[in-house]
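A.B. asks: Sending over a structure as structure tokens; questions will come in a sec.
Protein chains: 2
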Amino acid sequence: MKDEHINPWKTLSSEQVYSNPWISVRHEQVINPGGGQGIYGVVSFKNKAIGIIPIDSEGNTYLIGQYRYTVNEYSWEIPMGGGPVEIDILESAKRELKEETGYTAQRWTNIARLHTSNSVTDEEGFVFLAEDLIAGETEFEETEDLKIKKVSFAEAVRMVMDNEITDCISVAGILKADKILRDRKRSTL
Amino acid sequence: MKDEHINPWKTLSSEQVYSNPWISVRHEQVINPGGGQGIYGVVSFKNKAIGIIPIDSEGNTYLIGQYRYTVNEYSWEIPMGGGPVEIDILESAKRELKEETGYTAQRWTNIARLHTSNSVTDEEGFVFLAEDLIAGETEFEETEDLKIKKVSFAEAVRMVMDNEITDCISVAGILKADKILRDRKRSTL
Chain E
1409 MKDEHINPWK
1419 TLSSEQVYSN
1429 PWISVRHEQV
1439 INPGGGQGIY
1449 GVVSFKNKAI
1459 GIIPIDSEGN
1469 TYLIGQYRYT
1479 VNEYSWEIPM
1489 GGGPVEIDIL
1499 ESAKRELKEE
1509 TGYTAQRWTN
1519 IARLHTSNSV
1529 TDEEGFVFLA
1539 EDLIAGETEF
1549 EETEDLKIKK
1559 VSFAEAVRMV
1569 MDNEITDCIS
1579 VAGILKADKI
1589 LRDRKRSTL
Chain R
1409 MKDEHINPWK
1419 TLSSEQVYSN
1429 PWISVRHEQV
1439 INPGGGQGIY
1449 GVVSFKNKAI
1459 GIIPIDSEGN
1469 TYLIGQYRYT
1479 VNEYSWEIPM
1489 GGGPVEIDIL
1499 ESAKRELKEE
1509 TGYTAQRWTN
1519 IARLHTSNSV
1529 TDEEGFVFLA
1539 EDLIAGETEF
1549 EETEDLKIKK
1559 VSFAEAVRMV
1569 MDNEITDCIS
1579 VAGILKADKI
1589 LRDRKRSTL
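From first to last, the protein sequence lines are chains E and R.
For the first sequence, our numbering assigns the number 1409 to the initial residue and increments by one for each residue that follows.
For the second sequence, our numbering assigns the number 1409 to the initial residue and increments by one for each residue that follows.
Listed below in structure tokens is the structure:
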């Protein structure tokens, strides 16, 4: 068996066909692992996706709602933002939580590293659990664009199970957090 | 509060800047929900992502391993494929499971509808739980490109929790399946 860590693909040529402040797209000629020649269109992201699941002392979390232009649907999601690659992901998470909810958290746990769509994009996402919250002033203003709602964490899990939350990082993050919180509870029984 | 179902974005112009057999990329001039003018680069997928979690009578599942060109990493994932939009997603799921494992399943449950990366792409994914499996001939041949391995479903969950599985559809699907299987067990105790 060949070493899983060696990239079996070869890139013969690479041409940037599009770029904006958030993504660039490359069209590449490649040799695939089977030895065949082909093409690959790679969408490269300029930021990491960083999601935060805050849990307050009463077991509530916060969801952000917005109309997603790409999928033409309204979407409730965990607080999330783009973290510039040169900034530490935990720093980006802290900034994002503060901006969207006003909270600072005294306990942070990195619970997920994710690839959102690895057949086409290189987007990498992370999810943090934020606990022991301290309320503060929020810079967040509800507009027609962005809504915020407080729900029990159990209700967030229900929304995931009923496909009312479809954003994949939110789904993966909420269910990972659910398992971590259940396992923690069980170990302290 | 405005109706969540009305799209508050306006598209002023749209230009296709790239296309290959799997994706197209559009550069658009938009008015965002706040009324500001801006640009949006939308990556549109020509297939739906369809993942399958087969569970055999002994509680095992199957994972597919491959080196992902985009993220430059080896990745273990649930069996998955691209379903053409004109084909019923369950039919695509059945074909994919048969191709990759040889199995046909007598019990299919659609457990997830997901948007993989909705800030940039319109990619939609679905995950099916496949049970009551009947073994058959597989068309799958292990190559340097694709590996298959049988693991207990509990081991798949452990791999998710330890970030050994990072593909977001696989993570979301395995944890949703885990919760469904646990809830089912509890309801029959």
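Glycine included, each C-beta is placed from N, C-alpha and C at the ideal position.
In terms of residues, what are the limits of the alpha helix (DSSP H) holding residue 1581 (chain R)?
C.D. replies: 1576 to 1595
A.B. asks: Would you mind telling me which residues of chain E sit closer than 7 Å to residue 1575 (chain R), beta carbon to beta carbon, in chain order?
C.D. replies: 1523, 1526
A.B. asks: Rank E:1441, E:1424, E:1438, E:1437 by C-alpha distance to the C-alpha of residue 1433 (chain R) and give the top, closest one.
C.D. replies: E:1424
A.B. asks: Give a yes or no on whether the C-beta atoms belonging to residue 1541 (chain R) and residue 1462 (chain R) are separated by under 8 Å.
C.D. replies: yes
A.B. asks: What are the residues in the segment 1556 to 1589 of chain R lying within 7 Å of chain E by C-beta distance?
C.D. replies: 1569, 1571, 1574, 1575, 1576, 1577, 1579, 1580, 1583, 1584, 1587
A.B. asks: Taking 8 Å as the CB-CB limit, is residue 1431 (chain R) close to chain E?
C.D. replies: yes
A.B. asks: When the Cβ atoms of the segment 1451 to 1470 of chain R are set against those of the segment 1519 to 1533 of chain R, are three or more pairs found closer than 8 Å?
C.D. replies: yes
A.B. asks: Drop a sphere of 10 angstroms on the beta-carbon of residue 1586 (chain R), count the other beta-carbons inside from all chains shown, and report buried for 16 or more, exposed for fewer.
C.D. replies: Here residue 1586 (chain R) is buried. Its C-beta has 16 or more other C-beta atoms within 10 Å.
A.B. asks: Using 10 angstroms around the beta-carbon of residue 1451 (chain E), count the other beta-carbons present and answer buried if the total reaches 16, otherwise exposed.
C.D. replies: buried
A.B. asks: Residues bridged to residue 1488 (chain E) by DSSP?
C.D. replies: Beta-bridge pairing links residue 1488 (chain E) to E:1459.
A.B. asks: Between which two residues does the beta strand (DSSP E) holding residue 1558 (chain R) run?
C.D. replies: 1554 to 1560
A.B. asks: So with Cβ pairs under 8 Å, would you call residue 1413 (chain R) a contact of chain E?
C.D. replies: yes
A.B. asks: Measure the alpha-carbon distance for residue 1484 (chain E) versus residue 1527 (chain E) and round it to whole angstroms.
C.D. replies: 25 Å
A.B. asks: Can you name the start and end residues of the beta strand (DSSP E) that residue 1538 (chain R) belongs to?
C.D. replies: 1532 to 1542
A.B. asks: Using a Cβ cut-off of 7 Å, pull out every chain E residue sitting near residue 1501 (chain R), in sequence order please.
C.D. replies: Going along chain E, no residue has its Cβ under 7 Å from residue 1501 (chain R), so there is no contact; the nearest lies around 16 Å.
A.B. asks: Do the CB positions of residue 1421 (chain E) and residue 1445 (chain E) come within less than 8 Å of each other?
C.D. replies: No, the pair does not count as a contact, with Cβ atoms beyond the cut-off.
A.B. asks: At the level of alpha carbons, what is the spacing between residue 1474 (chain E) and residue 1510 (chain R)?
C.D. replies: 42 Å
A.B. asks: For the segment 1461 to 1476 of chain E, which residues have a CB atom closer than 9 Å to at least one CB atom of chain R, in sequence order?
C.D. replies: Result list: 1473, 1474, 1475, 1476.
A.B. asks: So if I threshold CB-CB distances at 8 Å, which residues from the segment 1422 to 1451 of chain E count as touching chain R?
C.D. replies: 1425, 1426, 1428, 1430, 1431, 1433, 1435, 1438, 1440, 1441, 1442, 1447, 1448, 1449, 1450, 1451
A.B. asks: Counting only beta-carbon separations shorter than 8 Å, does residue 1516 (chain E) have a partner in chain R?
C.D. replies: no
A.B. asks: Quick one: list the residues of chain R neighbouring residue 1553 (chain E), beta-carbon separation under 9 Å, in chain order.
C.D. replies: 1416, 1440, 1441, 1442
A.B. asks: How is residue 1454 (chain E) classed by DSSP in three states: helix, strand or coil?
C.D. replies: coil
A.B. asks: When the Cα atoms are used, what is the spatial distance from residue 1493 (chain R) to residue 1593 (chain R)?
C.D. replies: 35 Å
A.B. asks: Compute the beta-carbon to beta-carbon distance between residue 1505 (chain R) and residue 1538 (chain R), rounded to the nearest angstrom, for a pair I have assumed lies under 8 Å.
C.D. replies: That pair is a contact at about 6 Å.
A.B. asks: According to DSSP, residue 1529 (chain E) sits in a beta bridge with which residue or residues?
C.D. replies: DSSP, once it has assigned bridges, lists E:1451 as partnering residue 1529 (chain E).
A.B. asks: I need the DSSP call for residue 1472 (chain R), collapsed to helix, strand or coil.
C.D. replies: strand
A.B. asks: Excluding the five sequence neighbours on either side, which residues of its own chain have a C-beta within less than 8 Å of the C-beta of residue 1427 (chain E), listed in chain order?
C.D. replies: Around residue 1427 (chain E): 1433.
A.B. asks: If you drop the 5 nearest sequence neighbours on each side, which residues of the same chain put their C-beta closer than 7 Å to that of residue 1579 (chain R)?
C.D. replies: 1568, 1573
A.B. asks: To be precise: take each residue of the segment 1479 to 1512 of chain E, compare its Cβ to all Cβ atoms of chain R, and keep it if any distance is under 9 Å. Which residues remain?
C.D. replies: Here the close residues are 1479, 1480, 1481, 1482, 1483, 1485, 1488, 1490.
A.B. asks: Counting only Cβ pairs nearer than 8 Å, list the residues of chain E close to residue 1529 (chain R).
C.D. replies: 1451, 1478, 1525, 1528, 1529
A.B. asks: For residue 1519 (chain E) and residue 1577 (chain E), I'd like the C-alpha separation in whole angstroms.
C.D. replies: 12 Å
A.B. asks: Could you round the C-beta distance between residue 1529 (chain R) and residue 1478 (chain E) to whole angstroms and report it? I think they count as a contact, below 8 Å.
C.D. replies: 6 Å
A.B. asks: Per DSSP, residue 1426 (chain R) is paired with what?
C.D. replies: R:1433
A.B. asks: Alpha carbons only, please: which of E:1495, E:1442, E:1523, E:1486 is nearest the one belonging to residue 1480 (chain R)?
C.D. replies: E:1523
A.B. asks: Could you pull the start and end residues of the alpha helix (DSSP H) that residue 1509 (chain E) belongs to?
C.D. replies: Where residue 1509 (chain E) is concerned, the enclosing alpha helix (DSSP H) starts and stops at 1497 to 1509.
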